[in-house]
Every structure is written in C-alpha cells, then in structure tokens.
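Residues in the first sequence are numbered from 3 upward in steps of one, following my numbering. Inspection log for the structure reproduced underneath, given as structure tokens.
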Amino acid sequence: MALRFYNSLSQQLEPFTPQDGKTVRMYTCGPTVYHYAHIGNLRTFTFQDILRRWLRASGFALNNVMNITDVEDKIIRTAMAQGKTLREYTAQYEEAFLEDMATLRLERPERVVRATEHIDEMVDLIQKLGEKGFTYESDGSTYYRISKFPEYGKLSHNDFGGMIAGARVDVDEYEKDDARDFVLWKQKKEGEPSWDTPIGDGRPGWHIECSAMAMKYLGATLDIHAGGIDLQFPHHENEIAQSEAVTGKQFAKFWLHAEHLIVEGQKMSKSLGNFYTLRDLLELGYAPETVRFLLESVPYRNKLNFTMDGVKAAATAIERLRNFELRLKTEKFAPGGEAASEERTAAAVTRFREAMDDDLNTAGALGVVFEFLRDTNSAMDGGKFLAGNVASAQGLLNLFDSVFDVMRPTTVAGGISDEAVEALIAERVAAKKARNFGRADAVRAELDAQGIVLEDTKDGPRWKRK
RNA sequence: GGUGCGGUAGCCAAGUGGUAAGGCAAGAGUCUGCAAAACUUUUAUUCGUCGGUUCGAUUCCGACUCGCACCUCCA
Numbered sequence: 003m004a005l006r007f008y009n010s011l012s013q014q015l016e017p018f019t020p021q022d023g024k025t026v027r028m029y030t031c032g033p034t035v036y037h038y039a040h041i042g043n044l045r046t047f048t049f050q051d052i053l054r055r056w057l058r059a060s061g062f063a064l065n066n067v068m069n070i071t072d073v074e075d076k077i078i079r080t081a082m083a084q085g086k087t088l089r090e091y092t093a094q095y096e097e098a099f100l101e102d103m104a105t106l107r108l109e110r111p112e113r114v115v116r117a118t119e120h121i122d123e124m125v126d127l128i129q130k131l132g133e134k135g136f137t138y139e140s141d142g143s144t145y146y147r148i149s150k151f152p153e154y155g156k157l158s159h160n161d162f163g164g165m166i167a168g169a170r171v172d173v174d175e176y177e178k179d180d181a182r183d184f185v186l187w188k189q190k191k192e193g194e195p196s197w198d199t200p201i202g203d204g205r206p207g208w209h210i211e212c213s214a215m216a217m218k219y220l221g222a223t224l225d226i227h228a229g230g231i232d233l234q235f236p237h238h239e240n241e242i243a244q245s246e247a248v249t250g251k252q253f254a255k256f257w258l259h260a261e262h263l264i265v266e267g268q269k270m271s272k273s274l275g276n277f278y279t280l281r282d283l284l285e286l287g288y289a290p291e292t293v294r295f296l297l298e299s300v301p302y303r304n305k306l307n308f309t310m311d312g313v314k315a316a317a318t319a320i321e322r323l324r325n326f327e328l329r330l331k332t333e334k335f336a337p338g339g340e341a342a343s344e345e346r347t348a349a350a351v352t353r354f355r356e357a358m359d360d361d362l363n364t365a366g367a368l369g370v371v372f373e374f375l376r377d378t379n380s381a382m383d384g385g386k387f388l389a390g391n392v393a394s395a396q397g398l399l400n401l402f403d404s405v406f407d408v409m410r411p412t413t414v415a416g417g418i419s420d421e422a423v424e425a426l427i428a429e430r431v432a433a434k435k436a437r438n439f440g441r442a443d444a445v446r447a448e449l450d451a452q453g454i455v456l457e458d459t460k461d462g463p464r465w466k467r468k
C-alpha cells in the first residue's frame, strides 16, 4: 500500500503524491510568539516533523513554509503593557521557540516567515478580494463577506445555515453584517502599532497572514496544509475562503490536523497546574528525546494523554532500543550470515514502512521495531544471528531513527570523557583479573557516580551513559 | 442544540469480519566473583452496555451509556 493520509477535507484516507510528483509544497501553521511553547504546542510540531521526515523517507523533496505569528491582539496588549515594541517583545519568544524546536530535534522548515514582514502581500490579497466583491468596510475595518463564498464550511463540515443554537454568540466590538464574517484588516487604535496602507492605517486580521504567505512562497495550490485540530475552524476555513475567492483554485489538496494533547487525563490549563513547557520537563530531569518519543508514540490523530508515568515509560523504552544498538555494535558475532535473520529484518522494514505509510501510524511502527528487537535478541542468544546480519539490522534501526530520532543521547556538557571512562574500565579489568574485587567494585562505583553504567557481558565490559 | 472523536489488560496503546501488536509496570528465569545491567519468559477466552446482520464481530449496523473536543482566542 502506498503512502496515504487522512484528509480532513474529504474525511477519508487518500493516497498522497505531490502535484509535481517530486517536491511536497507544504504549509504548516507555526506558533504565535507571545509565550513559551507548551507541551501541547510541541505535540503538533512534533507531528509536523514526523510528517516531514516520512515524506523524505518516501523519496520526496520538501518545500515547507512555517509562519510565525508576531502580530495579534494578545501580543500587542502585552507588549504595550511592558512598554516594548512588537519586535522587542516577540523576539524573545521566537528565539525560545526555535530553541525548543532544536532541542526536541524538530527540523527547521525550509522557510520560517514572519507575519509582520508580509504586510504588503496581505494588503494586496485584501485588495484583490475587494475587487471581486468579497469584502466590506465597517468602522474603518475591512471584513470578509462569507455569504459570498457558498463553499464556506467545507473543511470543518459545519452547517452555517442560520445562527447556531446553543453556541455562544459572537460579541465583537466591531459592526459586522453577519456574525460569521471575520476581519481582514483592523483599523488602527490609538497608540497601537499599525501600518499605513492603501486600505487604511491598521493591522492585519489573523487569518489573512497564512493565505498571503502560503501563496507567495508555494503557489495557489498547496500539496499539504497542516496544523492543530483547533485551527480547522475557523482559521483554516477562513484561509480557504480568502485564498480560493481570489484564485478560483483549490487552496490545499490535503489538510492534516493533529489532535490535542491532554495531561494526566485532563485538559491542560494553567489553573489546573498541569501546564508544561519543554523547559519545565527538562528541569524535572527528563531528556529531550524522551519527551520527543512520548509525543511521537501516539498517532497524531488520537488524543495523547501526557503523564509523568508515560515519560518514565518512554525513557525506559528508549533505553531498550539503545541497548539493542549497543549490542549490535559491540558483540562479537560468529562469521557468516543467517538467512532467517535477513528475512526477519527485511520483513520488519516492510512492516515498518507499511505502518508509517498508513497515515503515519507511529504506534504500529514502534510495535514492529520492538518485536524485531525481541526476536533478534533471541536469535543472538541462540547463535542464529551472525556477523553478516549486522548491517541490515543496523539499517532498520537507521530507518527507524531517521524518523523517530531518539537513539542519540543528548550530551551533557562537562561530563567525564570517553577516554577517561575507557581508562577506568581497563583498570577494573586488570583488577578483576588479579581478583582484586574490592578495587574493581570501587571503580564501578566511581563510574556510576559519573553517570556511567557498566555492563559485564560475555564479550567483556561495555558501558553507556545514563 | 449542531459537528466530530473516543471508551481494548494495572497504566499507555496498535489492530483486523475468522478468533487480541507493542511499550511500561509486576511475577519467574538465564547470565554473573558479588552485583548491576542486559536478555528471555508469564500476565486480556476478551475489546463500554444491549440488540441486529453474518457460518463467524472487538472489527459492520442500530440503540443506549460514559468521556472528550470544536461550534469564541487556542497547537
């Protein structure tokens, strides 16, 4: 089965190929930089990273644009309260966000673009919408007239026929013709940052930035547009309305939405005290790759219950993977090759690919890897895994890690060097040989204190960092 | 009220019209100077409840129930 994704637009799994057959033109909704990213945000960005990596593993090139929303009500309010310019205020969080991405090993999209640097494109788009009759002005602000776009609702599959009973009625400070209409350009308020443009002195609405930047860099029709589930409505619905009204072309072939994360079974919120940033978790002593593994382990369309037990389980699971690789690299296998082992590895590769091809079923893919680990460990114990089987097994691990990226421990600065460890181990080996177990145990304790775990195997001692 | 998602072992979590992956935890074992670590192994007659379709359903359909999300800013 070929690569396929669940398309929110059709609500079905669809086979995926980029329009030109080679390069995937993808737009991913990035962060609003008014606070540190929380673990829920990072779940979505981890999904986008997995998506990128698997597209590449499937043989496609990537052209991925991610936006940074750096102008928006909350940003303006807080920046002004702190007496800072927009840029001064957002720079710190943008930097922190990019740092968090790097820490979690999330690849940097080919282009990361700021909303404030694309005001001209937004204004241009709004003017085009105006020429086509999709806008109206009210109190100096410009709105999108949804009644002019009959397909409105096709992404969120909402019925907008009339007011929605039970839903809270929109209370906007501006006058709109229809409660559904959304603002494209907001008139300047006294003292707030603004841009003086042909459509007035003001600032852009939230939705227009993505349409403008996506089409500027990726053309009228994207292969993939991805983001968090909460953006499906109204943000993405509005992007479609803006973009398709102007181009008359389908805005995105595929819409991929990542489910939210909950913490200890509850919605994450500051009031519940279960609101975590990556920094919080690192301070608790968890390695970045442990957090990454946990975020990856549940398929993106399912809610992920983030628990401290889960983080600990993730850490142990990674240990198991690393132990296997260590064994693969250090054990002296007998010469020759075992056909059964080659077949097992080849089957695992196929099944791993099938799981990932199936809408990025990371849980299934992990199952394949762990099953492979168990069976291969058994084969090694039984002498059915030979030197000639190492390369392909390592190849499977490499394929796995090219997507999951958890094998490499995050290095801690200032630790004991590899050479020093080796020297101590050599000393212990000598002590053991001389049956000086007191000294041997002392060395082991010393290494332990340095965060080094020593393992005696039939091929001699091997070690790893905790 | 509308829309959508989900209820699978102690916890997390895949999955299929043909009789339940995997991870963690727990029990047992192997190895070892002692350890540690590692590895192996055991653990759901059962997939929210009740009906229906079927030779056969956890998997399809219906009802019910519980939980969640969105419909307003939100990854």
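We put the CB at the ideal spot given by N, CA and C, even for glycine.
ask   = Leaving out five residues before and five after A295 in sequence, what residues of the same chain have Cβ atoms less than 6 Å from its Cβ?
value = Position 293 of the first sequence, counted from the start, is the residue given in the question as residue 295. Just to set this straight, residue 295 is Phe in the shown sequence, not Ala. A316, I320, V408, listed in sequence order.
| request: Evaluate N501 with the Cβ neighbour count: other Cβ atoms within 10 Å of its Cβ, from every protein chain shown; 16 or more gives buried, anything less gives exposed. | output: What the structure shows of the chain is the stretch from 3 to 468, and residue 501 is not part of that stretch, so it cannot be assessed.
N- and C-terminal bounds of the alpha helix (DSSP H) containing F372 = Position 370 of the first sequence, counting from 1, holds the residue named residue 372. Element bounds for F372: 364-383.
### Query
From E457 to R329, what distance separates their C-alpha atoms?
Looking up residue 457 in the first sequence gives position 455. Looking up residue 329 in the first sequence gives position 327. If I take the Cα positions, the gap works out to 11 Å.
Notebook entry, point to check: If you count every other CB in all the chains shown that lies within 10 Å of the CB of D361, and 16 or more means buried, which is it?
Noted result: As a working note, residue 361 is residue 359 in the first sequence. Buried, since its Cβ has 16 or more Cβ neighbours within 10 Å.
| field | Neighbourhood of A4 by C-beta distance below 7 Å, restricted to the same chain and skipping five residues each side | value | Here residue 4 refers to the residue found at position 2 when the first sequence is read from its first residue. Excluding residues within five positions, the ones whose Cβ falls inside 7 Å are P17, D359.
#### Entry: Beta bridge counterpart(s) of D458 as assigned by DSSP
For the purposes of this step, residue 458 is taken as the residue at position 456 of the first sequence. In DSSP, D458 forms a bridge with P463.
task = Measure the C-alpha to C-alpha separation of K188 and T34 and round it to an integer number of angstroms.
result = Mapped onto the first sequence, residue 188 falls at position 186. Mapped onto the first sequence, residue 34 falls at position 32. Whole-angstrom Cα-Cα distance: 18 Å.
Under the three-state reduction of DSSP, which class applies to E139: helix, strand or coil? The residue you call residue 139 lines up with position 137 of the first sequence. E139: strand per DSSP, three-state reduction.
Exercise for review: Please list, in chain order, all residues of the same chain as A81 whose beta carbon is under 6 Å from its beta carbon, the five residues on each side excluded.
Suggested key: Looking up residue 81 in the first sequence gives position 79. Here the set comprises L88, Y91.
request  = Report yes or no: do the stretch 409-423 and the stretch 436-445 share at least 3 C-beta pairs separated by less than 8 Å?
outcome  = These segments do not touch.
_What does DSSP give as the partner residue(s) for D198 in the beta ladder?_
Looking up residue 198 in the first sequence gives position 196. Note: D198 sits in a beta bridge opposite D203.
Practice problem: Starting from T105, trace the alpha helix (DSSP H) both ways and give me its first and last residue. | Solution: In the first sequence, the residue the question calls residue 105 occupies position 103. 88-105 is the span of the alpha helix (DSSP H), which, as asked, contains T105.
Inter-stretch contact at 8 Å, needing at least 3 Cβ pairs: the stretch 148-155 / the stretch 97-106: Too few Cβ pairs lie closer than 8 Å, so no.
message = Our contact map puts L398 next to A350 with C-beta atoms below 8 Å; I'd like the distance itself, whole angstroms only.
response = Numbered from 1 along the first sequence, position 396 holds the residue referred to as residue 398. Numbered from 1 along the first sequence, position 348 holds the residue referred to as residue 350. At roughly 6 Å, the Cβ-Cβ gap stays under 8 Å, so L398 and A350 are in contact.
8 Å Cβ cutoff met for L2 and T48: A question about residue 2 goes unanswered here, because the residues of the chain that appear run from 3 up to 468.
Is the stretch 278-290 in contact with the stretch 52-59, if contact means three or more CB pairs nearer than 8 Å? no
Worksheet item: How many whole angstroms separate the CB atoms of V67 and A216, which I take to be in contact at a CB cut-off of 8 Å?
Response: Reading the first sequence from its first residue, position 65 is the one you call residue 67. Reading the first sequence from its first residue, position 214 is the one you call residue 216. V67 to A216, Cβ: 6 Å. Contact.
Next item on the list: Would you list the residues sitting across from N307 in a DSSP beta bridge?
Entry: Position 305 of the first sequence, counted from the start, is the residue given in the question as residue 307. For N307, DSSP records a beta bridge to I264.
_Looking at R446: is its Cβ nearer than 8 Å to the Cβ of R430?_
Counted from its first residue, the first sequence places residue 446 at position 444. Counted from its first residue, the first sequence places residue 430 at position 428. R446 is a Cβ neighbour of R430, given a cutoff of 8 Å.
*Curious, which full-length alpha helix (DSSP H) runs of at least 4 residues does the stretch 384-441 contain?*
Annotation: the stretch 384-441 contains the following complete segments of the alpha helix (DSSP H) (minimum length 4 residues), in chain order: 392-406, 420-435.
>> Is it buried or exposed, D225, if we count other Cβ atoms within 10 angstroms and call 16 or more buried?
In response: Here residue 225 refers to the residue found at position 223 of the first sequence. Classification of D225: buried, given that the 10 Å Cβ count is 16 or more.
Measure the alpha-carbon distance for R116 versus E96 and round it to whole angstroms. By 1-based counting over the first sequence, the position of residue 116 is 114. By 1-based counting over the first sequence, the position of residue 96 is 94. Their Cα atoms are separated by approximately 10 Å.
Worksheet item: Between D461 and the rest of its own chain, which residues show a CB-CB distance below 6 Å, the 5 nearest in sequence each way excluded?
Response: The sequence position of residue 461 within the first sequence is 459, counting from 1. Hits under 6 Å: E333, K334.
Query raised in the report: Which same chain residues, not among the five before or five after D203, have their C-beta less than 6 Å away from its C-beta?
Result: Taking the first residue of the first sequence as 1, we reach residue 203 at position 201. These residues qualify, in order along the chain: K190, S196.
Review point. Are the beta-carbon atoms of A214 and H120 separated by less than 8 Å?
Key: The residue labelled residue 214 in the question sits at position 212 within the first sequence. The residue labelled residue 120 in the question sits at position 118 within the first sequence. Yes, the Cβ-Cβ distance between A214 and H120 is below 8 Å.
Practice problem: For G338, collect the residues of the same chain with a Cβ closer than 8 Å to its Cβ; drop the 5 residues on either side in sequence, then sort them by chain order. | Solution: The residue given as residue 338 occupies position 336 in the first sequence. Excluding positions up to five away in sequence, the list reads L388, A389, G390.
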